[in-house]
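In the numbering used here, the protein residues as written are 4 to 947.
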Amino acid sequence: MEYNFREIEKKWQKRWVEEKTYQVTEDDSKQKFYVLNMFPYPSGAGLHVGHPLGYIASDIYARYKRLQGFNVLNPMGYDAYGLPAEQYAIQTGQHPAITTVNNINRYREQLDKIGFSFDWNREIRTCDPEYYHWTQWAFQKMFNSYYCNDEQEARPIEELEKAFAIYGNEGLNAACSEDISFTAEEWNAKSEKEKQEILMNYRIAYLGETMVNWCAELGTVLANDEVVDGVSERGGFPVIQKKMRQWCLRVSAYAQRLLDGLDTIEWTDSLKETQRNWIGRSEGAEVQFKVKDSDLEFTIFTTRADTMFGVTFMVLAPESELVAQLTTPEQKAEVDAYLDRTKKRTERERIADRSVTGVFSGSYAINPFTGEAVPVWISDYVLAGYGTGAIMAVPAHDSRDYAFAKHFGLEIRPLVEGCDVSEESFDAKEGIVCNSPRLDVTPYCDLSLNGLTIKEAIETTKKYVKEHNLGRVKVNYRLRDAIFSRQRYWGEPFPVYYKDGMPYIIDEASLPLELPEVAKFLPTETGEPPLGHATKWAWDTVNKCVVENEKIDHVTVFPLELNTMPGFAGSSAYYLRYMDPHNHQALVDPKIDQYWKNVDLYVGGTEHATGHLIYSRFWNKFLYDMGVSVMEEPFQKLVNQGMIQGRSNFVYRIKDTNTFVSLNLKDQYEVTPIHVDVNIVSNDVLDLEAFKAWRPEYKTAKFILEDGKYVCGWAVEKMSKSMFNVVNPDMIVEKYGADTLRMYEMFLGPVEQSKPWDTNGIDGVHRFIRKFWSLFYSRTDEYLVTDEPATKEELKSLHKLIKKVTGDIEQFSYNTSISAFMICVNELFNLKCSKKEILEQLVITLAPFAPHVCEELWDVLGHETSVCDAQWPVYNEEYLKEDTINYTISFNGKARFNMEFAADEASDAIQAAVLADERSQKWIDGKTPKKIIVVPKKIVNVVI
Numbered sequence: 004m005e006y007n008f009r010e011i012e013k014k015w016q017k018r019w020v021e022e023k024t025y026q027v028t029e030d031d032s033k034q035k036f037y038v039l040n041m042f043p044y045p046s047g048a049g050l051h052v053g054h055p056l057g058y059i060a061s062d063i064y065a066r067y068k069r070l071q072g073f074n075v076l077n078p079m080g081y082d083a084y085g086l087p088a089e090q091y092a093i094q095t096g097q098h099p100a101i102t103t104v105n106n107i108n109r110y111r112e113q114l115d116k117i118g119f120s121f122d123w124n125r126e127i128r129t130c131d132p133e134y135y136h137w138t139q140w141a142f143q144k145m146f147n148s149y150y151c152n153d154e155q156e157a158r159p160i161e162e163l164e165k166a167f168a169i170y171g172n173e174g175l176n177a178a179c180s181e182d183i184s185f186t187a188e189e190w191n192a193k194s195e196k197e198k199q200e201i202l203m204n205y206r207i208a209y210l211g212e213t214m215v216n217w218c219a220e221l222g223t224v225l226a227n228d229e230v231v232d233g234v235s236e237r238g239g240f241p242v243i244q245k246k247m248r249q250w251c252l253r254v255s256a257y258a259q260r261l262l263d264g265l266d267t268i269e270w271t272d273s274l275k276e277t278q279r280n281w282i283g284r285s286e287g288a289e290v291q292f293k294v295k296d297s298d299l300e301f302t303i304f305t306t307r308a309d310t311m312f313g314v315t316f317m318v319l320a321p322e323s324e325l326v327a328q329l330t331t332p333e334q335k336a337e338v339d340a341y342l343d344r345t346k347k348r349t350e351r352e353r354i355a356d357r358s359v360t361g362v363f364s365g366s367y368a369i370n371p372f373t374g375e376a377v378p379v380w381i382s383d384y385v386l387a388g389y390g391t392g393a394i395m396a397v398p399a400h401d402s403r404d405y406a407f408a409k410h411f412g413l414e415i416r417p418l419v420e421g422c423d424v425s426e427e428s429f430d431a432k433e434g435i436v437c438n439s440p441r442l443d444v445t446p447y448c449d450l451s452l453n454g455l456t457i458k459e460a461i462e463t464t465k466k467y468v469k470e471h472n473l474g475r476v477k478v479n480y481r482l483r484d485a486i487f488s489r490q491r492y493w494g495e496p497f498p499v500y501y502k503d504g505m506p507y508i509i510d511e512a513s514l515p516l517e518l519p520e521v522a523k524f525l526p527t528e529t530g531e532p533p534l535g536h537a538t539k540w541a542w543d544t545v546n547k548c549v550v551e552n553e554k555i556d557h558v559t560v561f562p563l564e565l566n567t568m569p570g571f572a573g574s575s576a577y578y579l580r581y582m583d584p585h586n587h588q589a590l591v592d593p594k595i596d597q598y599w600k601n602v603d604l605y606v607g608g609t610e611h612a613t614g615h616l617i618y619s620r621f622w623n624k625f626l627y628d629m630g631v632s633v634m635e636e637p638f639q640k641l642v643n644q645g646m647i648q649g650r651s652n653f654v655y656r657i658k659d660t661n662t663f664v665s666l667n668l669k670d671q672y673e674v675t676p677i678h679v680d681v682n683i684v685s686n687d688v689l690d691l692e693a694f695k696a697w698r699p700e701y702k703t704a705k706f707i708l709e710d711g712k713y714v715c716g717w718a719v720e721k722m723s724k725s726m727f728n729v730v731n732p733d734m735i736v737e738k739y740g741a742d743t744l745r746m747y748e749m750f751l752g753p754v755e756q757s758k759p760w761d762t763n764g765i766d767g768v769h770r771f772i773r774k775f776w777s778l779f780y781s782r783t784d785e786y787l788v789t790d791e792p793a794t795k796e797e798l799k800s801l802h803k804l805i806k807k808v809t810g811d812i813e814q815f816s817y818n819t820s821i822s823a824f825m826i827c828v829n830e831l832f833n834l835k836c837s838k839k840e841i842l843e844q845l846v847i848t849l850a851p852f853a854p855h856v857c858e859e860l861w862d863v864l865g866h867e868t869s870v871c872d873a874q875w876p877v878y879n880e881e882y883l884k885e886d887t888i889n890y891t892i893s894f895n896g897k898a899r900f901n902m903e904f905a906a907d908e909a910s911d912a913i914q915a916a917v918l919a920d921e922r923s924q925k926w927i928d929g930k931t932p933k934k935i936i937v938v939p940k941k942i943v944n945v946v947i
């Protein structure tokens, strides 16, 4: 029977659906294993060959674990909300829901062709009200919770209301937006609105004034990773920094738990370090500085309290409220111009950019340790969200302060004995302190750090600050609260209405609050988000339903929130919903959550390190506090797949002609390289007729060939439509089959590394599968499999493979597994092996990689169940032991021939046999050997 991959793959894909091969339920008799991919946003372009890389890698592992007897959960769904569908709606008028469904259908068709073991019965879509019901529910819980620093967990906001009525907020240790103080009497005397404003200061989901990336053309706030070089990633529109009242999530309250949790999970050290740096824990002191000739004072945070005597200027973040207060009339024009320029830069760009910019505010601050008046500057290298948005600058011992001081000619005062700051700052935290205070000035305070080590000086200063009420010792985090509002239509609606300007949550029983229809997807003429176009978007608190806007009376009917949630809202707890996707009563049933617990293997890209992977960990820890999630960490093991890059091809057009010259002849002409569609190029050879038909301007193209062929140039670039290097997996599946695609993507290189797509090697993988097939069927379609017992050589080849592949799968070294398969099949082919005892085990071992052909051959071998339900073979070390060793026989160090000896042959016997062999006589030539060296299991060297 011929290997007809098209028929075989369609047959088994159909049967898997009919027999529900990949549907899974909880089974207490089996150990669970939960495999999850970061689910895709379904774009209009569909999948290219780079997208399935991680899915194939995780699918191989899921199939392997099932063969080992685990109950494997391997679900898939769609992160269906996104800006592209909304932009398409703005351009065409087509509702984003229609675009999204069309895109999902295209994705599903492509995914099915590749043969994944996804349990599609558990499919989720973040735009489905049945799904975002639970996103809204989680938001409600966050709104109704505060974070207790003493208990290190989220607690009901009602606890605060009761405590405020009795004690005020005295002794309260809770995460908050700003430190405030009030008594019980003051609380009880406040109005309902005033009380709500105070509670907003503590809620985990809260409304707050915050700096955002505002894109006017898109009419929305953008996340940092949606902005590149000051413009939106989508559309390339200008983005500015702007202060807006936004919904936020108090992620910062969980900073320490997010740090601690990293020690309990199996992620790469580099990704953990990225998250640690993003969270940015630092211990230091907050110190008060008074403004000269003013009643104003402000707080700075420093991790180097020992350097207080070296402060020569202060720097404010451009967004700081102090900028307006400290800018003098003389400096206002210059400051305003500077602020206007910095609005165009995101925080991420400011962190990465080392160029020096700034402006003098006109004010001075008094150093509480020296009494000196130091100038207050404004610069975008200081961020408003870290510390207090104001820093004391010690240029001698901080590289960015040093660069600023050098640029603007400010004093640089060294504080460590013997350090040289003539060319660069001295940043090391080692040495003996000096100039603290300077010996040539009258001390301003009774603290001296001179002669102490830096470590001693830090602790001494922190103690002094605390004892003299100059500030307080504090732990700070760089991690910011997450901005949770987007001024878009296509997103989850907030379950919030407004009464007297304050937000209130709709009843939990009324969820989901569904996204309304709108006439336009753009912001309104008055600048409101697109939901401002909805005519039925008001909340009736009596009937608990959405009603027409005209019924708003601010008594029982109130306006609903016009913003929608960001993209990460729907992807933050989706792993829990996959466990129990059809539950209408809860996000997940506690018994089901207890069974699946958390994700054992999560596969996705490193680009999510400081976005999704922070937010989902925060979200899960909150649900853990609520008793919803049984595990504090959502993803136990994380594997980051690399990118498959494009391999572009080029043709070379001779200037001012429509003639194209082949690669190795192009240097003889003046040419222009032009990207050409890689799908009309095979092994870098251009299909000339396809090229002529590709675009109208090439219809009359002429060619200068080499050896009768047009050879294209090539380069590795990002896979992109504009470079015509996008390879559609459908084309590969149609030409070679899904099993070939799966194996070839893994064969390209290690899963975690980025590598170029190159179809030049795909034929070899396809030939391998055909050779594997030929172990079962002859060229004349004769069935070859027999029940004869296997030979030692055959068992050795098989068990060597089983050992190698088992170890490789555990390490995600799939590329070396495929090499091992090729070696084994070649060995068995040369041994003319057709033994069922060998081939059955070989089929099982290959099944995770090439499931279609293995299902077919498993069926041919007489099995009535799927190969998925077979048992993973265990290698036997006995079969791997060598019975004989092939020795290289050398004379005076030069290899001359080889001899076989028993593995346990004694050295004396080996020497005797070598000397007795007639081939030795030619090289000994009648002489007496001086000595014979036997290197066990390797070589014999006869020294003459």
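Think of the CB as a built atom: it goes at the ideal place given N, C-alpha and C, for glycine as much as any other residue.
In terms of DSSP beta bridges, what is residue i paired with?
i	result
P562	A541
S651	A718
F292	F301
N216	L225 and Q244
P676	Y655
I935	V945
C548	D543
What is the DSSP secondary structure of residue i, counted as helix, strand or coil?
i	result
K1	Since the first residue of the chain shown is 4 and the last is 947, residue 1 is not available in this structure.
E286	strand
K640	strand
N901	strand
T186	coil
N948	Residue 948 lies beyond the range of the chain shown here (4 to 947); nothing can be said about it.
G711	coil
P759	strand
V633	coil
F36	strand
I369	strand
R158	strand
G827	For the sequence presented, residue 827 should be read as Cys rather than Gly. Note: C827 maps to helix in three-state DSSP.
L202	helix
Using 7 Å as the threshold, is the C-beta distance between residue i and residue j below it?
i	j	result
V254	D484	yes
P759	Q644	no
M395	G494	no
Y492	I282	no
I107	P43	no
L798	Y878	no
Can a CB atom of chain D be found closer than 7 Å to the CB of residue i?
i	result
L342	Included in the structure is just one protein chain, with no chain D present.
Taking only runs that begin and end inside the region 447-534, name each unbroken alpha helix (DSSP H) of 4 or more residues, in chain order.
457-470
Is the region 311-329 close to the region 361-380, with three or more CB pairs under 8 Å?
Cβ pair count under 8 Å is three or more, so yes.
Contact the region 159-178 vs the region 110-118: 3+ CB pairs below 8 Å:
no
Check whether the region 815-826 and the region 894-902 touch, using three or more Cβ-Cβ pairs below 8 Å as the test.
no
Alpha helix (DSSP H) runs contained entirely in the region 372-418, provided each spans 4 or more residues:
402-411
Tell me whether the region 628-638 and the region 262-275 touch, counting them as touching only if at least three CB pairs, one residue from each stretch, are closer than 8 Å.
These segments touch.
Identify every run of the alpha helix (DSSP H) within the region 90-149, keeping only runs that are complete inside it and at least 4 residues long; order them along the chain.
99-117 and 132-146
Are at least three pairs of beta-carbons, each pair with one atom in the region 44-51 and one in the region 835-843, less than 8 Å apart?
At 8 Å Cβ cutoff, the stretches do not touch.
Quick test of the definition: if touching needs 3 or more C-beta pairs under 8 Å, does the region 678-693 touch the region 721-734?
yes
Would you mind listing the alpha helix (DSSP H) stretches within the region 844-904 that are 4+ residues and don't spill past its ends, in chain order?
854-863 and 880-883
With contact counted as at least three CB pairs below 8 Å, one residue from each stretch, are the region 137-156 and the region 507-515 in contact?
yes
Mind listing, in chain order, the continuous beta strand (DSSP E) runs of no fewer than 3 residues lying wholly within the region 22-83?
Those beta strand (DSSP E) runs which fall completely within the region 22-83 and span 3+ residues are 35-40 and 74-76.
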